[in-house]
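Note that the protein sequences, when read in sequence, are chains D and R. Last residue of the first sequence: 445 (my numbering), numbering continuous. Last residue of the second sequence: 445 (my numbering), numbering continuous. No residue lacks a Cβ here, since even glycine has one placed at the ideal position from N, Cα and C. Source: prediction; values computed, not measured. First up is the structure itself, then whatever we jot down about it.
Protein chains: 2
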Amino acid sequence: MDTIKVEIITIGDEILIGQIVDTNSAWMATQLNQYGFEIHKITSVHDNAQQIKEAITYAFTQAQIVLLTGGIGPTKDDITKHTLCELFNTRLIHSQEVYDNIIQLFKHRPNVMNPLTATQAMVPENCTVIQNEVGTAPITWFEQQGKILVSMPGVPYEMMHNMTTQIIPRLAKHFNTPNILHQTIITYGIPESQLAITLTDWENNLPQHIQLAYLPNNGLVKLRLSGISDDQEELKKEIQQLFNQLPPLLGDAIIAHEDITPQAYIGQLLKEKQQTISTAESCTGGNIAHLITSIPGSSEYYKGSITAYANEIKINILGVSEEKLIQHGAVSREVVEQMATGVRQKMNTHYAIATSGIAGPDGGTPDKPVGTTWIAVATPDRVISKKFQFGKLREQNINRATQAALTLLIQLIKHDNFKTN
Amino acid sequence: MDTIKVEIITIGDEILIGQIVDTNSAWMATQLNQYGFEIHKITSVHDNAQQIKEAITYAFTQAQIVLLTGGIGPTKDDITKHTLCELFNTRLIHSQEVYDNIIQLFKHRPNVMNPLTATQAMVPENCTVIQNEVGTAPITWFEQQGKILVSMPGVPYEMMHNMTTQIIPRLAKHFNTPNILHQTIITYGIPESQLAITLTDWENNLPQHIQLAYLPNNGLVKLRLSGISDDQEELKKEIQQLFNQLPPLLGDAIIAHEDITPQAYIGQLLKEKQQTISTAESCTGGNIAHLITSIPGSSEYYKGSITAYANEIKINILGVSEEKLIQHGAVSREVVEQMATGVRQKMNTHYAIATSGIAGPDGGTPDKPVGTTWIAVATPDRVISKKFQFGKLREQNINRATQAALTLLIQLIKHDNFKTN
Chain D
25 MDTIKVEIIT IGDEILIGQI VDTNSAWMAT QLNQYGFEIH KITSVHDNAQ
75 QIKEAITYAF TQAQIVLLTG GIGPTKDDIT KHTLCELFNT RLIHSQEVYD
125 NIIQLFKHRP NVMNPLTATQ AMVPENCTVI QNEVGTAPIT WFEQQGKILV
175 SMPGVPYEMM HNMTTQIIPR LAKHFNTPNI LHQTIITYGI PESQLAITLT
225 DWENNLPQHI QLAYLPNNGL VKLRLSGISD DQEELKKEIQ QLFNQLPPLL
275 GDAIIAHEDI TPQAYIGQLL KEKQQTISTA ESCTGGNIAH LITSIPGSSE
325 YYKGSITAYA NEIKINILGV SEEKLIQHGA VSREVVEQMA TGVRQKMNTH
375 YAIATSGIAG PDGGTPDKPV GTTWIAVATP DRVISKKFQF GKLREQNINR
425 ATQAALTLLI QLIKHDNFKT N
Chain R
25 MDTIKVEIIT IGDEILIGQI VDTNSAWMAT QLNQYGFEIH KITSVHDNAQ
75 QIKEAITYAF TQAQIVLLTG GIGPTKDDIT KHTLCELFNT RLIHSQEVYD
125 NIIQLFKHRP NVMNPLTATQ AMVPENCTVI QNEVGTAPIT WFEQQGKILV
175 SMPGVPYEMM HNMTTQIIPR LAKHFNTPNI LHQTIITYGI PESQLAITLT
225 DWENNLPQHI QLAYLPNNGL VKLRLSGISD DQEELKKEIQ QLFNQLPPLL
275 GDAIIAHEDI TPQAYIGQLL KEKQQTISTA ESCTGGNIAH LITSIPGSSE
325 YYKGSITAYA NEIKINILGV SEEKLIQHGA VSREVVEQMA TGVRQKMNTH
375 YAIATSGIAG PDGGTPDKPV GTTWIAVATP DRVISKKFQF GKLREQNINR
425 ATQAALTLLI QLIKHDNFKT N
């Protein structure tokens, strides 16, 4: 069965002068892939009518679906809507429904509403208008000769929300895409190339209709099996059986049997066990707390965090011993373990995570170069800690330390059977 | 004077399945812009010979320069080099110079060298080969009828190094480019459409050679003026004069006069004043700490944070009065102000920020619906607080509260003249 080809066109001068990085396309590609759509090409063009028209026309020589993001704000430089009218030979008309939606969105701040906002309710006449549930610019959906063009906002959260709840479900229904099943397991601690060697035989024995993909990210490697079949139940069983062969090969490296973020998985585990957690962060600077609290309902199991960036905070608030700090330095087993036990006691939680490392670019020494990181997890009856050597880039070091800390916690929760009282 | 048009083509299946975000293009665009090159279009295509050839041919109908990144590694799926030979009607030959460069690069780890690495020394015959100083894949430079094609590695670090030291200087010399100037100011608190109305007269009076763009993101709106002129000094003055007309129109809404993130700007301001800051976060859950510490050198002015997710942490660690918590609720002026003054005292800093809100999806009440957020900033002699009503989406609420808090702090730092001791 052929895949349906999609082209993404992102519109905006800000992309072409490098003021923003186009993160939308990668997100859209990942989501569309899961529904059996193939991204054929991604193009970024200026807020320029001629260029937008050319890009759309050229895209349709190859693709059945063209998705546009951006250029639909209320200001003068946003011209996508007018350009689509020219291209599809139609005109803008007032949509009462869209207008009502805008009024609804501005309910709590009516003074912000103005004539320009109201122009958002002008939509092309011969298209399907899809309400934007989280913003004022509506989504427009054009069909012509079996091909589809959808124009949507470029603001990432508006795009994501509407793609998930409205656009992808409609596309999947319209094209009756093949039944693709993706199942993912998440591993941690084995580099991609080593994983590939360990799994050589297993991979060679995969049936032809099931594909394997390695998706590495900050130390985690997701293994995804994808298959196409009309018999979803049968395919699901088959993939499950293949994954069941992995634990003897990979052991503890498997941290989750579904495609879930570590922070969401931690939420599931802690809710199930009715346990709580706190964090003490130095080099990760609040990123672990941020990820844990990004999960809805996290207040059920997450009590809080102390980001102890300065040593005096480690001593005065977390209760790290000044002597140990001087003797071993802030980036050491001794200090990170005291941080973990300190915050666990202070916040009265079952578990606690602590991080201390040199994120860079400065602060490295020959003994402890940039990237050196200690991570500890404390439980009611013990504290374990581990040293990592990450790279030279600050952002990457913060992200890797965060993933390592969350993973260490998952491994401990899964193997810990201490009583909860 | 016309600008020189550049098209960027990024090659790699990993981009089109969303496995990586194309960050190269934005970086390249920023750099090239400064030398007067205009990025006309960015296209991402698969590792597919036919698609690469079509993309290059189509790009040259509009652009004088085509820059390719990626697809030049040693593995089977990297086919750019072979494709360029077909397109430019040439063949691969061995380059002793490139081979010597590879040997040099592997000097310290000769066991990593393998037959595949050596194939990197095979280069197209009728092109200029530019040595890659930081990797094994050479850069190839083709000239035809006054147009230029450059193929370079997609690994960000290798691309950046070679663009800076070799490719851009050669392009600038070859094309004798005009000068483009971009200047940005950042505003907060006025929605894009309201800004556009306020600035109607100013915008209509802009000279033809200067363009305006609005770039909104989480409550911030950047205003960018761009112009082309051979006289950079004159243009700079002209744009500066235009921006100088804005403070009477926008007042406090202008938070920065350059293109900078709020967290980086806070860093600049605090370093300049040699002042320090701490944070107490409830609804933002560590995101403010995370952004502040994402800035290299932030340990100079950032001491730490208490993420007080549970009320008991607000009481026990931040010193919020239990009575006030019960009387007014956690999301209230009284509590958020106590959080700010509490963490400021505890961490002994000049400033402190605190947030308390209902991020959602649960926890809203008729009185305090999801999105209700209180933010406070404490200084040595006062504490100010402000209520915000954001939207329904958790992630959006966290991001907006974070931006609002950082912005409130900037406004206070800029208008605060208290002595530092």
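Is there a Cβ of chain D sitting closer than 8 angstroms to that of residue i, yes or no?
i, result
"R:LYS297", "no"
"R:ALA364", "no"
"R:ASN113", "no"
"R:HIS314", "yes"
"R:THR143", "no"
"R:THR54", "yes"
"R:ASN445", "Bear in mind that the predicted position of R:ASN445 carries a pLDDT of just 33, short of 50, making it too unreliable to give a figure here."
"R:TRP51", "yes"
"R:SER119", "no"
"R:HIS206", "yes"
"R:VAL69", "yes"
"R:LYS327", "yes"
"R:SER356", "no"
"R:GLU282", "no"
"R:ASN311", "yes"
Specify, as a first and last residue, the run of the beta strand (DSSP E) that residue i falls within.
i, result
"D:GLY251", "244 to 252"
"D:PHE89", "A quick correction: the sequence has Ile, not Phe, at residue 89 of chain D. That run of the beta strand (DSSP E) goes 89 to 93."
"D:SER302", "301 to 305"
"R:GLY328", "326 to 332"
"R:THR403", "Looking at the DSSP string, R:THR403 is not in any beta strand (DSSP E), and its letter there is neither H nor E."
"R:THR211", "204 to 212"
Name the DSSP beta bridge partners of residue i, please?
i, result
"D:GLN413", "D:THR396"
"D:PHE112", "Bridge partners of D:PHE112: none, in fact."
"R:PRO240", "R:VAL245"
"D:HIS118", "D:MET146"
"D:GLU62", "D:LYS29"
"D:SER175", "D:LEU92, D:THR164"
"R:HIS439", "In the DSSP output, where bridge partners are listed per residue, R:HIS439 has none listed."
"D:THR107", "Bridge partners of D:THR107: none, in fact."
"R:SER68", "D:ILE66, R:THR34"
Any C-beta of chain R sitting closer than 8 angstroms to the C-beta of residue i?
i, result
"D:PRO446", "Outside the shown range of chain D, which is 25 to 445, sits residue 446 of chain D, and nothing can be said about it."
"D:ASN57", "yes"
"D:GLU110", "no"
"D:THR291", "The question names Thr, but residue 291 of chain D is Gly in the sequence shown. No, D:GLY291 does not count as interfacial toward chain R."
"D:PRO320", "yes"
"D:PHE43", "The residue asked about is misnamed: residue 43 of chain D is Gln in this sequence, not Phe. Interface residue, yes."
What's the call for residue i, buried or exposed, on a 16-neighbour Cβ count within 10 Å?
i, result
"R:THR67", "buried"
"R:HIS439", "exposed"
"R:GLU62", "buried"
"D:GLN362", "buried"
"D:SER217", "exposed"
"D:ILE221", "exposed"
"R:ARG368", "buried"
"R:ILE32", "buried"
"R:THR403", "buried"
"D:HIS118", "exposed"
"R:ASN162", "First, the residue type needs correcting, since residue 162 of chain R is Pro and not Asn in the sequence shown. Under this definition R:PRO162 is a buried residue."
"D:ASN421", "buried"
"D:GLY446", "Since the first residue shown for chain D is 25 and the last is 445, residue 446 of chain D is missing from the structure and cannot be characterised."
Could you check if residue i belongs to the surroundings of the ligand NAP, using beta carbon to heavy atom distance under 7 angstroms?
i, result
"R:ILE76", "As presented, the structure is devoid of all ligands, the ligand NAP included, so that no description of it is given."
Considering just the uninterrupted stretch of the alpha helix (DSSP H) at residue i, what are its terminal residues?
i, result
"D:GLN58", "48 to 58"
"D:THR143", "139 to 143"
"D:GLY381", "Taken as a continuous stretch (DSSP letters only), D:GLY381 belongs to no alpha helix (DSSP H), being part of the beta strand (DSSP E) at 375 to 381."
"D:VAL355", "Element bounds for D:VAL355: n/a, residue is neither H nor E."
I'd like to know whether the C-beta of residue i is nearer than 8 angstroms to at least one C-beta of chain C.
i, result
"D:LYS370", "Any reference to chain C falls outside this structure, whose protein chains are D and R."
Quiz item: Hey, is the region 306 to 322 of chain D in contact with the region 34 to 44 of chain R, meaning 3+ C-beta pairs nearer than 8 angstroms?
Solution: no
Quiz item: Between the region 321 to 329 of chain R and the region 288 to 305 of chain R, do three or more beta carbon pairs fall short of 8 angstroms?
Solution: yes
Exercise. Please determine if the region 102 to 121 of chain D and the region 180 to 191 of chain R are in contact, where contact requires at least 3 C-beta pairs separated by less than 8 angstroms.
Key: no
Quiz item: Three or more C-beta pairs closer than 8 angstroms, one from the region 239 to 252 of chain R and one from the region 165 to 175 of chain D: is that the case here?
Solution: no
Quiz prompt | contact_flag[the region 82 to 94 of chain D, the region 49 to 57 of chain R] where n(CB pairs < 8 angstroms) is 3 or more | solution = no
Practice problem: Assess, as a yes-or-no matter, whether the region 303 to 310 of chain R is touched by the region 372 to 382 of chain R under the definition of 3 or more beta carbon pairs within less than 8 angstroms. | Solution: yes
Practice problem: Report yes or no: do three or more beta-carbon pairs, one from the region 333 to 341 of chain D and one from the region 280 to 289 of chain D, lie closer than 8 angstroms? | Solution: no
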